[in-house]
Amino acid sequence: MNREITRCAWVNEDPLYIDYHDREWGNPLYDDLKLFELLMLEGMQAGLSWYTVLKKREHYRKVFDGFDPHIIVHYDDNKIEALMQDTGIIRNRLKINAIVKNAKVYLDICREEGSFSDYVWSFAGGGPVINGWKTRAEVPATTAQSDSMSKALKKKGMTFVGSTICYAFMQASGMVNDHTMDCFCRK
663 MNREITRCAW VNEDPLYIDY HDREWGNPLY DDLKLFELLM LEGMQAGLSW YTVLKKREHY
723 RKVFDGFDPH IIVHYDDNKI EALMQDTGII RNRLKINAIV KNAKVYLDIC REEGSFSDYV
783 WSFAGGGPVI NGWKTRAEVP ATTAQSDSMS KALKKKGMTF VGSTICYAFM QASGMVNDHT
843 MDCFCRK
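Okay, so the sequence shown: first residue is 663 according to our numbering, each after it adds one.
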C-alpha cells in the first residue's frame, strides 16, 4: 500500500528539503550554538529563499568555523575577503559582516543573560506556540513576538534580524509550530 504523505505546501521535491522539513523545521531547538547558526543562516536568506541557503548550509558551516562565535569574532579583513571570493556561500559583504558583528552580540547576550537559548525563547512566551493554520496562506510573515525579538536583537546591535527573519527563525527552531493542519508532522 503506497500512501502519499502530506507535508506543508512550501516543501519542494528535493530530498534535502523534504528531510529538513520532516526532521528539523518546527522541532524545538534549545542549543545555544545551533540557535546562533540558525539565526545567522536565516539572515542569509534575506531577499532569497530558504532553499537557496539550505543547499549551501554545509559549506557555510565549513567556512564559518562551525558557526563558533568565539572564532568568528576574530575574523579580520583577510578572512572577509576570502569569504567574498567563496562561490559556495552568498557573497554579500553586508551579510558576511553581519555574521561577524552578530557573533560579538551573541557572546554579549550569553554573558548578560546566561544563555542565548533562554533569551530568544523568552520571546515565545515559554513556547512552543502551537498554531492551527489550515493553509499556507494563513501563516503570517511576522507576529508581535517576532517584532519584539527583532527590536530587542537590533537594540543589542545585531543586524539582518528583521521581524520576518525572526519569525522564520522562530518557526524553524520550533518556538512556533506552523506546520499546517494537514501536514503529517502535526500528528
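Think of the CB as a built atom: it goes at the ideal place given N, C-alpha and C, for glycine as much as any other residue.
Query raised in the report: In three-state terms, what does DSSP make of Ile752?
Result: Taking the sequence shown and counting its residues from 1, one reaches residue 752 at position 90. For Ile752, the secondary structure class from DSSP, reduced to helix, strand or coil, is coil.
Query - Residue burial classification, Gln747 (beta-carbon count within 10 angstroms, cutoff 16) - result: As a first step, residue 747 must be located in the sequence shown, where it is residue number 85. Classification for Gln747: exposed.
Report task. Just grab the DSSP bridge partners of Asn839 for me. Result -> Walking along the sequence shown from the start, residue 839 turns up at place 177. The bridge partners DSSP lists for Asn839 are Ile792.
Query raised in the report: Got a sec? Which residues, its chain only, sit under 7 Å from Met706 by beta carbon, not counting five neighbours each side?
Result: As a first step, residue 706 must be located in the sequence shown, where it is residue number 44. These residues qualify, in order along the chain: Val715, Ile752 and Lys757.
Query raised in the report: For Ser835, is the classification buried or exposed, using 16 other Cβ atoms within 10 angstroms of its Cβ as the cut-off for buried?
Result: Numbered from its first residue, the sequence shown carries residue 835 at position 173. Answer is buried; the Cβ neighbour count reaches 16.
Query raised in the report: For Ser808, which residues from the same chain have a beta carbon less than 7 Å from its beta carbon, with the 5 sequence-adjacent residues on both sides left out?
Result: For the purposes of this step, residue 808 is taken as the residue at position 146 of the sequence shown. Contacts found: Ser825, Cys828, Tyr829 and Met832.
Query raised in the report: Rounded C-beta distance between Leu697 and Val782? I'm assuming under 8 Å.
Result: In the sequence shown, the residue the question calls residue 697 occupies position 35. In the sequence shown, the residue the question calls residue 782 occupies position 120. Leu697 to Val782, Cβ: 6 Å. Contact.
**Report entry** Buried or exposed (CB count within 10 angstroms, at least 16 for buried), Asn839
**Finding:** Start at 1 with the first residue of the sequence shown, and residue 839 comes out as number 177. Result: buried.
Query raised in the report: With 8 Å set as the bound, which would you pick, yes or no: does the beta-carbon of Trp795 sit closer than that to a beta-carbon of chain D?
Result: In summary, chain D is missing from the structure at hand, where a single protein chain is found.
Report task. Take the Cβ of Arg669 as the centre, count every other Cβ of all protein chains shown within 10 Å, and call the residue buried at 16 or more, exposed below. Result -> Counted from its first residue, the sequence shown places residue 669 at position 7. Buried, since its Cβ has 16 or more Cβ neighbours within 10 Å.
Report task. Name the two residues that bound the continuous alpha helix (DSSP H) containing Asp780. Result -> Residue mapping note: residue 780 aligns to position 118 of the sequence shown, counting from 1. Counting along the chain, Asp780 sits inside the alpha helix (DSSP H) bounded by residues Phe778 to Trp783.
Requested in this report: Please confirm whether Arg798 and Thr842 have their CB atoms less than 8 Å apart.
Outcome: The count along the sequence shown starts at 1 and reaches residue 798 at position 136. The count along the sequence shown starts at 1 and reaches residue 842 at position 180. The answer is yes: Cβ separation under 8 Å.
Query raised in the report: By Cβ distance, which residues of its chain are closer than 7 Å to Cys845, with the 5 residues on each side in sequence left out?
Result: The residue labelled residue 845 in the question sits at position 183 within the sequence shown. If we look at Cys845 and ignore the five residues flanking it on each side, its Cβ neighbours are Thr668, Arg669 and Cys670.
Query raised in the report: Going by Cα to Cα distance, which pick from Val762, His721 and Met811 is closest to Ser779?
Result: Taking the first residue of the sequence shown as 1, we reach residue 779 at position 117. It is Met811 whose Cα lies nearest to the Cα of Ser779.
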